[in-house]
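Notes follow the structure.
Numbering (the numbering used here), first residue to last: 413 to 919.
In structure tokens form, the structure reads like this:
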């Protein structure tokens with residue numbers, strides 16, 4: 413089934429939008445992806461509305477194009493039909509219970525050795541674990557296998573059709589609605605449907621249920637799943653405390669976070685102290701959010717007290733550094749300010765988190781052309797006086813301007829958030845403004861962090877030899893220690909970070 417101009421245009425827009433919104437999209441276990449000529453049903457998690465298919469289409473290995481399902485009623489309008497068909501979207505007739513008719517267009521795609529991406533959870537959601545899976549993916553794969561098995565007719569090119577495999581994919585968003593956050597696309601091992609075909613020929617529903625369960629189990633291993641939000645939040649805060657400076661950029665985010673969740677869930681059943689630790693970590697997270705602070709901002713005071721002098725000095729240092737950097741970044745900040753304001757309110761007034769990133773990106777797509785075209789016209793007419801040569805210079809200047817802003821935004825955005833956090837500490841501790849005893853709460857927060865850090869480290873050392881999940885975390889910690897090498901040769905900033913891992917040094 414051909415992909416046309418509209419598909420390439422949508423992918424181009426999506427690629428630039430994702431590049432601008434997320435700081436990184438990491439692909440893991442790409443070696444599991446089937447060959448490009450293998451008919452494949454890509455079964456992915458669905459946590460982030462239209463962002464999910466955008467991430468899949470833009471980053472799928474070898475630039476293989478993906479088809480998607482849409483209700484056949486969307487194809488009634490001839491213009492919509494032309495656009496959707498050009499984008500590779502295949503219709504699904506949901507009014508029939510006949511699987512052969514329901515997925516007829518899908519089977520035509522699979523016969524060509526192409527790939528269809530589906531979301532077995534059905535709808536996008538914000539849950540601490542995967543949502544309930546529907547059986548449509550399994551029925552499509554098994555019904556196609558049945559057709560191949562019973563009709564065994566060569567393709568137009570003379571090759572014999574093969575069964576489609578299901579490729580489980582976990583799309584993980586550590587902070588899915590946050591600007592400049594990270595996306596992890598984790599590919600699992602392909603699931604063969606051949607072993608389920610005999611049962612499907614006898615009992616289609618039972619076979620589909622079994623295949624759906626197998627797909628669900630495979631996708632659970634590729635993602636982070638918790639029984640409740642308290643377990644997830646406690647694991648997130650424990651990861652922040654154990655791996656300082658890594659934030660959500662942590663390379664092994666999925667196995668570490670899942671291992672911490674498993675440890676809290678299993679060990680907490682019999683150990684009251686672990687239950688208390690989990691509750692304390694959750695309280696620490698909620699207090700940080702209530703005070704609009706980050707753990708890294710409290711962590712700066714590990715070895716010194718939060719006083720009027722220390723908060724003032726830290727604020728002045730960061731302010732001075734920001735002022736020195738401002739001339740380089742100010743033009744980009746001013747030009748993109750409407751974009752940031754629109755994105756902020758697009759997220760603020762959306763109650764469903766799974767929709768926020770989509771809305772922010774949508775407003776960005778709408779405003780970016782206006783901002784850049786206006787900037788180009790202004791530069792061409794005002795700086796280069798509307799000359800023919802000035803047209804190309806203004807265009808080149810705009811390209812460099814956009815590139816510089818995007819590649820430098822992460823560091824500047826981190827500095828801005830750090831400055832904002834230091835101001836809030838200064839405002840509470842020195843100026844004493846605000847209600848609800850902010851100064852006392854911040855001082856208590858520092859003590860709570862120190863207590864949680866001591867207790868989570870004790871949990872790791874106590875259970876390292878007896879709990880597999882804790883051992884996974886310990887191995888990750890030891891990997892960081894080895895990366896430091898000879899601590900005495902490290903520079904001050906790196907040495908300060910290495911010092912926070914001294915507790916797990918061996919010998």
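Glycine included, every Cβ here is placed at the ideal spot set by N, Cα and C.
1. In chain order, what are the residue ranges of uninterrupted beta strand (DSSP E) at least 3 long that sit wholly in the segment 653-709?
2. Looking at C-beta atoms only, is the number of pairs between the segment 469-478 and the segment 542-553 that lie closer than 8 angstroms three or more?
3. If you count every other CB in all the chains shown that lies within 10 Å of the CB of residue 419, and 16 or more means buried, which is it?
4. Roughly how many angstroms separate the alpha carbons of residue 566 and residue 523, rounded to a whole number?
5. Measure from the alpha carbon of residue 724 to the alpha carbon of each residue in 633, 705, 831, then state which is nearest.
6. Between the segment 766-781 and the segment 743-755, can you find at least three pairs of beta-carbon atoms closer than 8 angstroms?
7. Taking the C-alpha atoms as reference points, what is the distance between residue 673 and residue 667?
8. In the DSSP assignment, find the unbroken beta strand (DSSP E) run with residue 527 in it and report its ends.
9. To test your reading of the DSSP string, which unbroken alpha helix (DSSP H) runs of 4 or more residues are found completely within the segment 487-530?
10. Taking the beta carbon of residue 717 as the centre, do at least 16 other beta carbons fall within 10 Å, making it buried, or is it exposed?
11. How many angstroms separate the CA atom of residue 455 from the CA atom of residue 851?
12. So, using beta-carbon positions, are residue 602 and residue 446 closer together than 9 angstroms?
13. Any idea if residue 760 is buried or exposed, counting beta-carbon neighbours within 10 angstroms, 16 or more meaning buried?
14. Just verifying my parser: in three-state terms, what is the DSSP assignment at residue 566?
15. Here's the rule I'm using: 16 or more other beta-carbon atoms within 10 Å means buried, otherwise exposed. How should residue 857 be labelled?
16. Is residue 786 buried or exposed, if buried means 16 or more other CB atoms sit within 10 Å of its CB?
17. With which residues is residue 548 paired in a DSSP beta bridge?
18. Residue ranges of each alpha helix (DSSP H) run of no fewer than 4 residues wholly in the segment 793-872, ordered along the chain?
19. According to DSSP, residue 925 sits in a beta bridge with which residue or residues?
20. Are the CB atoms of residue 620 and residue 453 nearer to each other than 9 angstroms?
21. Below 8 angstroms on the Cβ atoms is my contact criterion, and I expect residue 459 with residue 766 to pass it. Report the Cβ-Cβ distance as a whole number of Å.
22. From this set, 860, 809, 868, which residue's C-alpha is nearest residue 381's C-alpha?
23. On the three-state DSSP scale, how would you describe residue 576?
24. For the alpha helix (DSSP H) that contains residue 784, what are its first and last residues?
25. Take the Cβ of residue 838 as the centre, count every other Cβ of all protein chains shown within 10 Å, and call the residue buried at 16 or more, exposed below.
26. For residue 437, which of 472, 912, 423, 687 has the nearest alpha-carbon?
27. Residue 752 lies in the alpha helix (DSSP H); which residues open and close that run?
28. Measure the C-alpha to C-alpha separation of residue 631 and residue 439 and round it to an integer number of angstroms.
29. Going by the CB atoms, is the gap between residue 882 and residue 679 shorter than 9 angstroms?
30. Which runs of the beta strand (DSSP E) fall wholly inside the segment 592-641 and span at least 3 residues, in chain order?
31. For residue 899, which of helix, strand or coil comes out of DSSP?
32. When you compare the CB positions of residue 556 and residue 490, do they come within less than 9 angstroms of one another, or not?
33. Note down the Cα distance separating residue 806 from residue 815, rounded to an integer number of angstroms.
34. Taking Cβ positions, are residue 713 and residue 649 nearer each other than 9 angstroms?
35. Is the Cβ-Cβ distance between residue 860 and residue 872 less than 9 angstroms?
36. Among 584, 891, 482, which has the Cα closest to the Cα of residue 597?
On the basis of the data shown:
1. The segment 653-709 contains no whole beta strand (DSSP E) run of 3 or more residues.
2. No, they do not touch.
3. That one is buried.
4. Approximately 10 angstroms, taken between the alpha carbons.
5. That would be 831, whose Cα lies nearest to the Cα of residue 724.
6. Verdict: yes, contact present.
7. Going from the Cα of residue 673 to the Cα of residue 667 covers about 10 angstroms.
8. Residue 527 -> beta strand (DSSP E) spans 527-530.
9. Counting whole runs of 4 or more residues, the segment 487-530 contains the alpha helix (DSSP H) stretches 490-498, 511-514, 516-523.
10. With fewer than 16 other Cβ atoms within 10 Å, it is exposed.
11. For residue 455 and residue 851, the distance between alpha carbons rounds to 49 angstroms.
12. The Cβ-Cβ distance between residue 602 and residue 446 falls below 9 angstroms.
13. Burial check for residue 760: the Cβ neighbour count within 10 Å stays below 16, so the residue is exposed.
14. Three-state DSSP puts residue 566 in coil, outside helix and strand.
15. Classification for residue 857: buried.
16. Burial call: exposed.
17. Residue 548 is not bridged to any residue.
18. You should have 800-838.
19. In this structure the chain extends from 413 to 919, so residue 925 is not present and cannot be described.
20. No, the Cβ-Cβ distance between residue 620 and residue 453 is not below 9 angstroms.
21. Yes, residue 459 and residue 766 are in contact; Cβ-Cβ is about 6 angstroms, under 8 angstroms.
22. This structure cannot settle anything about residue 381, because the visible part of the chain is limited to 413 through 919.
23. Three-state result, residue 576: coil.
24. In the DSSP assignment, residue 784 falls within the unbroken alpha helix (DSSP H) covering 765-790.
25. Flag for residue 838 reads buried.
26. The option with the nearest alpha carbon to residue 437 is 472.
27. Boundaries of the alpha helix (DSSP H) around residue 752: 720-760.
28. Taking the straight line joining both Cα atoms gives about 15 angstroms.
29. Yes, Cβ-Cβ distance for residue 679 and residue 882 is below 9 angstroms.
30. Complete beta strand (DSSP E) runs here, min 3: 594-599.
31. If DSSP states are grouped into helix, strand and coil, residue 899 belongs with the helices.
32. Contact flag unset, no.
33. For residue 806 and residue 815, the distance between alpha carbons rounds to 14 angstroms.
34. Taking 9 angstroms as the Cβ cut-off, residue 713 and residue 649 do not qualify as a contacting pair.
35. Against a cut-off of 9 angstroms, the Cβ pair of residue 872 and residue 860 comes out as no contact.
36. Comparing Cα-Cα distances from residue 597 to each of 584, 891, 482, the minimum goes to 584.
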